[in-house]
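Protein chains: 4
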Amino acid sequence: MPKQESKATRSDPGRAVAFSDAIIAIVITLLVLDLRPPEAEPGELLTALLGEWPTYLAYAASYTYLAVIWLNHKAAFTRIGEMDRGLQWANLGILATLALVPWPTAVIAETARTGNLEDEKVAVALYAIVGALLCMSFLVFFSHLARHPDLTKEEVDDSYFARERPRALIGVVLYLAAGVAGVLIHPLVASVIFLLLPAFYGLTSHGFDQRPAFLGGGDSDNSGGDGAPKGG
Amino acid sequence: MPKQESKATRSDPGRAVAFSDAIIAIVITLLVLDLRPPEAEPGELLTALLGEWPTYLAYAASYTYLAVIWLNHKAAFTRIGEMDRGLQWANLGILATLALVPWPTAVIAETARTGNLEDEKVAVALYAIVGALLCMSFLVFFSHLARHPDLTKEEVDDSYFARERPRALIGVVLYLAAGVAGVLIHPLVASVIFLLLPAFYGLTSHGFDQRPAFLGGGDSDNSGGDGAPKGG
Amino acid sequence: MPKQESKATRSDPGRAVAFSDAIIAIVITLLVLDLRPPEAEPGELLTALLGEWPTYLAYAASYTYLAVIWLNHKAAFTRIGEMDRGLQWANLGILATLALVPWPTAVIAETARTGNLEDEKVAVALYAIVGALLCMSFLVFFSHLARHPDLTKEEVDDSYFARERPRALIGVVLYLAAGVAGVLIHPLVASVIFLLLPAFYGLTSHGFDQRPAFLGGGDSDNSGGDGAPKGG
Amino acid sequence: MPKQESKATRSDPGRAVAFSDAIIAIVITLLVLDLRPPEAEPGELLTALLGEWPTYLAYAASYTYLAVIWLNHKAAFTRIGEMDRGLQWANLGILATLALVPWPTAVIAETARTGNLEDEKVAVALYAIVGALLCMSFLVFFSHLARHPDLTKEEVDDSYFARERPRALIGVVLYLAAGVAGVLIHPLVASVIFLLLPAFYGLTSHGFDQRPAFLGGGDSDNSGGDGAPKGG
Chain F
1 MPKQESKATR
11 SDPGRAVAFS
21 DAIIAIVITL
31 LVLDLRPPEA
41 EPGELLTALL
51 GEWPTYLAYA
61 ASYTYLAVIW
71 LNHKAAFTRI
81 GEMDRGLQWA
91 NLGILATLAL
101 VPWPTAVIAE
111 TARTGNLEDE
121 KVAVALYAIV
131 GALLCMSFLV
141 FFSHLARHPD
151 LTKEEVDDSY
161 FARERPRALI
171 GVVLYLAAGV
181 AGVLIHPLVA
191 SVIFLLLPAF
201 YGLTSHGFDQ
211 RPAFLGGGDS
221 DNSGGDGAPK
231 GG
Chain L
233 MPKQESKATR
243 SDPGRAVAFS
253 DAIIAIVITL
263 LVLDLRPPEA
273 EPGELLTALL
283 GEWPTYLAYA
293 ASYTYLAVIW
303 LNHKAAFTRI
313 GEMDRGLQWA
323 NLGILATLAL
333 VPWPTAVIAE
343 TARTGNLEDE
353 KVAVALYAIV
363 GALLCMSFLV
373 FFSHLARHPD
383 LTKEEVDDSY
393 FARERPRALI
403 GVVLYLAAGV
413 AGVLIHPLVA
423 SVIFLLLPAF
433 YGLTSHGFDQ
443 RPAFLGGGDS
453 DNSGGDGAPK
463 GG
Chain E
465 MPKQESKATR
475 SDPGRAVAFS
485 DAIIAIVITL
495 LVLDLRPPEA
505 EPGELLTALL
515 GEWPTYLAYA
525 ASYTYLAVIW
535 LNHKAAFTRI
545 GEMDRGLQWA
555 NLGILATLAL
565 VPWPTAVIAE
575 TARTGNLEDE
585 KVAVALYAIV
595 GALLCMSFLV
605 FFSHLARHPD
615 LTKEEVDDSY
625 FARERPRALI
635 GVVLYLAAGV
645 AGVLIHPLVA
655 SVIFLLLPAF
665 YGLTSHGFDQ
675 RPAFLGGGDS
685 DNSGGDGAPK
695 GG
Chain A
697 MPKQESKATR
707 SDPGRAVAFS
717 DAIIAIVITL
727 LVLDLRPPEA
737 EPGELLTALL
747 GEWPTYLAYA
757 ASYTYLAVIW
767 LNHKAAFTRI
777 GEMDRGLQWA
787 NLGILATLAL
797 VPWPTAVIAE
807 TARTGNLEDE
817 KVAVALYAIV
827 GALLCMSFLV
837 FFSHLARHPD
847 LTKEEVDDSY
857 FARERPRALI
867 GVVLYLAAGV
877 AGVLIHPLVA
887 SVIFLLLPAF
897 YGLTSHGFDQ
907 RPAFLGGGDS
917 DNSGGDGAPK
927 GG
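Protein chains in written order, with this note's numbering: chain F, 1 to 232; chain L, 233 to 464; chain E, 465 to 696; chain A, 697 to 928.
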């Protein structure tokens, strides 16, 4: 019974979902650690706080980015029935790269504060690389699911994850393009794209899928988290 | 079947609740990171520890504030059956603003230590703005639920969340008023209001609703967290 | 129906348990943040690492203490069927004081490094106060449960939590006594008691209750976490 | 009825699993705290970032290590039906040692930056000790389960955990050998072994067991996390 044998190498996604949620929650909260009382001379607090505006912008951008990633992660797992070894590592790859996001965020905020143009270019290039890596880790994740339709729930269209791949690939390209534009033209160009990209992904997120055709009665009754019934 | 179609864009609140709990738990614990061994000359530890009293007060105030927010968040989700895209973002907005709370808390504690009156005014104004933003994010959240009664559980009175809005709006006004009073009169006035406001919300919290009329048998049997059965 | 009315003010302990677990997990992990690469001259790393022994001891002691607290917390909630407002705040009180533990731990480690006797006395006194506050918060928690036997599961002996109170009260007394001994005799006396107390509580923990008489078939079948069935 | 009595001292692994997941998620995320904007002269950011390569390597190695530990932890708990006091402490021992991992990781990264050979030897020796301790804590955990087959689920082969012990023991030996080689030969030798060991454990992980013989229908239907039904 090959089916039976293959099933023995699988596991329920419950713990992977809980583990991912914890990591994303921690990473999204680490962003706020950069918001500290500024070192200022007595009476200069207001000036110092206003001078920290790049940090506030960076917080808003990275928070939105990670929120969108969480929604996409949630949307994907709503459709996953079981996980094999490859899918576990693909998910761990997503978590490893998203945990990096606060780092280039802090580097951009730091260079915006010191104001050296060369450093600002390096900073946006670093952010672009991390952003592209994150999209690439989603590409690997979606590709694995597209190649293993038996991991998805029965009621999910087999081509669903194959059709998710282009969105991830576009992200890789756009982040790299933003980085190149930031270095060749001006870091601000890259920063604007970094702010727009999560908005784009947020608006096109399949977290709340409008296509009931391949979901039947909707995901409202099969996304119950840890104890989600396996399709069929 | 419009109902069916609309349901396909919805999802179970299970993962949103777990994600929110993790973020609130991390934020409430970050407060304690400001409690560090003080830098003191040998033999001066006691003096240094006693001199840190504004930090202790700030810890107590912000912990209470976040605890009340968690209870209110819990109370709201007890009544939510499913989430749509707007409600997910409204919830992410609450999480983004509450994650800011440790920051003005640390700024107030820092200025209380250095003792510059101008800086203290700036610090209470910052706290007031963050406090008002947090109440505003709850106002958006409650308004979305009031406009979409189909997201709440069947046994919940349709006007429940409409009636929650004034409490959030009063919070916005009171935090802003406290900030203005802190700047125009004295920062201590603002600090006292900041300490009293969470107490007010704690006492009027609907986490443990005393009005069984529109809850039937109470929330004790329908708040089972992730796997909570959807009303009806 | 007074029973019905009172039930409407209650809620399932599921989210409180998950929230507590997250906070305790974060606090226990914050301890490790004090283990950093020591600042040492080139070639002096070994000496510097060995010189950090008070930090290692403090890590071991506080980790054990928090682990025991988690086991006791788990043991208590295994017996709780529903929570009212008072019990929620009693639990939040436990979490607020246990979140303080890394702070006096770091202060003790810091003074052990600098070696000023007066400072060491202050440090053990601070640890004693926090330890006593934590036991006191458990005393409040157990007392509330003893006064409200309807909050416990039906199969739990009504006197269970009343009989838990003396253990908490002994903790308050012993921590305060250790602090006094540390100040009047020598800080080392206090430190030894701080190391022994968690061991005592660990060994007498009711997390794995040996008295099946008032538990019937044991807690193995009614401690299923969030979705635990309410007794009866 | 000795069976009944012994059961009263047991508890469901649900909360232990959730608590472990939270701690591992926090520890794996703490690694990223070492990735900070480097202190660099204006215009020197690129050089400074490239100079941090040991930190990036250390992040990758420790992340992989902790990911493998999480997969092994998950694989073990899939087979555990209930926990007794000894197993709770064995699990807390695993968590205590894995929480240490970011510390020697940071020490190695720090010494790689300063480049003193003596310090590098001390750093790899420290990493080797922590790695060996972690394998040893798994050895204790597996041994406890091997001695108490009644704690495992009914469908799990009684000799399963006995056969897991050699893998843990090999880890203890290999980490210590790597440390000795790092001190006697060159720290790089140790670093290479540290990078290879998690890969070895990842590849041989039983998280996705290929031997259906002693698992019957596979673990896909009995690893439902917190609410997992106890075998039989």
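Idealized CB from N, CA, C, for every residue including glycine.
Extent of the continuous alpha helix (DSSP H) to which Asp485 (chain E) belongs
From DSSP, the alpha helix (DSSP H) with Asp485 (chain E) extends over Gly478 to Leu494.
Measuring straight from C-alpha to C-alpha, what distance separates Thr384 (chain L) and Ile312 (chain L)?
Their backbone Cα atoms lie some 4 angstroms apart in a straight line.
Which one of L:Gly414, L:Glu271 and L:Val339 has the shortest CA to CA distance from Ala40 (chain F)?
Looking only at L:Gly414, L:Glu271 and L:Val339, the smallest Cα-Cα distance to Ala40 (chain F) is reached by L:Val339.
Using a C-beta to C-beta distance shorter than 8 angstroms, which residues of chain L count as neighbours of Asp158 (chain F)?
Neighbours of Asp158 (chain F) on chain L: none; closest Cβ ~18 angstroms, over 8 angstroms.
The alpha helix (DSSP H) enclosing Ala293 (chain L), as first and last residue numbers:
Note, Ala293 (chain L): alpha helix (DSSP H), Trp285 to Thr310.
Would Pro477 (chain E) be called buried (16 or more neighbouring beta carbons within 10 Å of its own) or exposed?
Residue environment analysis places Pro477 (chain E) among the buried positions, since at least 16 neighbouring C-beta atoms fall within 10 angstroms of its C-beta.
Can you tell me which of L:Leu332, L:Phe393 and L:Glu387 puts its alpha carbon nearest to the alpha carbon of Val372 (chain L)?
Minimum Cα distance to Val372 (chain L) is reached at L:Phe393.
Quick one: Cα of Arg474 (chain E) to Cα of Ile301 (chain L), how far?
Roughly 18 angstroms separates the two Cα atoms.
Indicate whether Ala99 (chain F) and Phe138 (chain F) have their beta-carbon atoms separated by less than 7 angstroms.
Here Ala99 (chain F) is not near Phe138 (chain F), since their CB atoms are 7 angstroms or more apart.
Can you give the Cα-Cα distance for Glu508 (chain E) and Leu514 (chain E), rounded to whole angstroms?
C-alpha separation (whole angstroms): 10 angstroms.
Integer-rounded CB distance, given that Leu731 (chain A) should sit under 8 angstroms from Thr751 (chain A):
So it is a contact: roughly 6 angstroms between Cβ atoms.
List, in chain order, every chain A residue whose beta-carbon is nearer than 8 angstroms to that of Ala162 (chain F).
Under the 8 angstroms cutoff, chain A gives no residues; its nearest Cβ is about 23 angstroms from Ala162 (chain F).
Just confirm the distance between the C-beta atoms of Ser375 (chain L) and Arg397 (chain L), as a whole number of angstroms; I'd bet it's less than 8 angstroms.
6 angstroms between Cβ atoms; contact.
Below-7 angstroms beta-carbon distance, Phe440 (chain L) vs any chain E residue:
Here the model assigns Phe440 (chain L) a pLDDT of 40, short of 50, so the residue's position is not dependable, and the following value carries that caveat. The C-beta of Phe440 (chain L) comes closer than 7 angstroms to at least one C-beta of chain E.
Within the continuous alpha helix (DSSP H) that includes His186 (chain F), where are the two ends?
Neither: His186 (chain F) is in no alpha helix (DSSP H) and is coded neither H nor E.
With three or more beta-carbon pairs closer than 8 angstroms as the criterion, would you say the stretch 580-593 of chain E touches the stretch 316-323 of chain L?
In this structure the stretch 580-593 of chain E does not lie against the stretch 316-323 of chain L, because fewer than three pairs of beta carbons, one per stretch, are closer than 8 angstroms.
Which residue comes first and which comes last in the alpha helix (DSSP H) that contains Thr152 (chain F)?
Here Thr152 (chain F) belongs to no alpha helix (DSSP H), and DSSP marks it neither H nor E.
Short of 6 angstroms in beta carbon distance, which residues of its chain neighbour Ile719 (chain A), apart from the five on each side in sequence? Order them along the chain.
Taken in chain order, the residues that qualify are Leu791.
Chain E contact for Asp815 (chain A) (CB, 7 angstroms cutoff):
At a cut-off of 7 angstroms between beta-carbon atoms, Asp815 (chain A) makes contact with chain E.
Taking 7 angstroms as the cut-off, decide whether the C-beta atoms of Ala181 (chain F) and Val189 (chain F) are in contact.
In terms of Cβ geometry, Ala181 (chain F) and Val189 (chain F) form a close pair [threshold 7 angstroms].
Using 7 angstroms as the limit for Cβ to Cβ distance, is Arg211 (chain F) near chain A?
Low confidence applies here, because Arg211 (chain F) scores a pLDDT of 40, under 50, leaving its location unreliable; read the following figure in that light. No, because no Cβ of chain A sits closer than 7 angstroms to the Cβ of Arg211 (chain F).
Beta carbons nearer than 9 angstroms to chain L: which residues of the stretch 49-69 of chain F have them?
Listed by position along the chain: Leu49, Tyr59, Ala60, Tyr63, Thr64 and Ala67.
With 7 angstroms as the threshold, decide whether the Cβ of Lys153 (chain F) is near any Cβ in chain L.
Under the Cβ criterion of 7 angstroms, Lys153 (chain F) is not counted among the residues facing chain L.
Mind checking if Asp717 (chain A) is an interface residue toward chain F, Cβ cutoff 7 angstroms exclusive?
So, interface residue.
Apart from the five residues on each side of it in sequence, which residues of its chain come closer than 7 angstroms, Cβ to Cβ, to Ile402 (chain L)?
A distance below 7 angstroms between beta-carbons, with the five flanking residues on each side excluded, links Ile402 (chain L) to no residue of its chain.
If we cut at 7 angstroms on Cβ distances, does Ile258 (chain L) have a partner in chain F?
Yes, its Cβ sits closer than 7 angstroms to a Cβ of chain F.
Using C-beta distances below 6 angstroms, list every residue in its chain close to Thr337 (chain L), excluding the 5 sequence neighbours before and after it, in chain order.
Answer for Thr337 (chain L): Ala290 and Ser294, listed in chain order.
Collapsed DSSP secondary structure at Gly439 (chain L) in the structure displayed:
At Gly439 (chain L) the pLDDT is 43, less than 50, meaning the model places this residue with poor confidence and gives no usable figure here.
Rank F:Ala178, F:Pro38 and F:Glu82 by C-alpha distance to the C-alpha of Asp150 (chain F) and give the top, closest one.
F:Glu82 is the residue among F:Ala178, F:Pro38 and F:Glu82 whose C-alpha sits nearest the C-alpha of Asp150 (chain F).
Using a C-beta to C-beta distance shorter than 9 angstroms, which residues of chain F count as neighbours of Val372 (chain L)?
Simply none; closest approach about 15 angstroms.
Endpoints, the alpha helix (DSSP H) within which Asn91 (chain F) is located
Judged by DSSP secondary structure, Asn91 (chain F) falls within the alpha helix (DSSP H) whose first and last residues are Arg85 to Leu98.
Answer with yes or no whether the minimum CB distance from Glu276 (chain L) to chain F is below 7 angstroms.
Not closer than 7 angstroms to any Cβ of chain F, the Cβ of Glu276 (chain L) fails to qualify, so no.
Evaluate Gly435 (chain L) with the Cβ neighbour count: other Cβ atoms within 10 Å of its Cβ, from every protein chain shown; 16 or more gives buried, anything less gives exposed.
A quick correction: the sequence has Leu, not Gly, at residue 435 (chain L). Counting Cβ neighbours within 10 Å, Leu435 (chain L) comes out exposed, since fewer than 16 surround it.
Against Pro501 (chain E), what residues of chain A qualify as contacts under a CB-to-CB distance less than 7 angstroms, listed in chain order?
Listed by position along chain A, the residues whose Cβ is nearer than 7 angstroms to that of Pro501 (chain E) are Ala802, Val803 and Glu806.
So Leu829 (chain A) and Thr793 (chain A) are supposed to be a Cβ contact under 8 angstroms. How far apart are they, rounded?
Confirmed, about 5 angstroms.
Mind checking Ile185 (chain F): buried by the 16 CB within 10 Å criterion, or exposed?
So Ile185 (chain F) counts as exposed.
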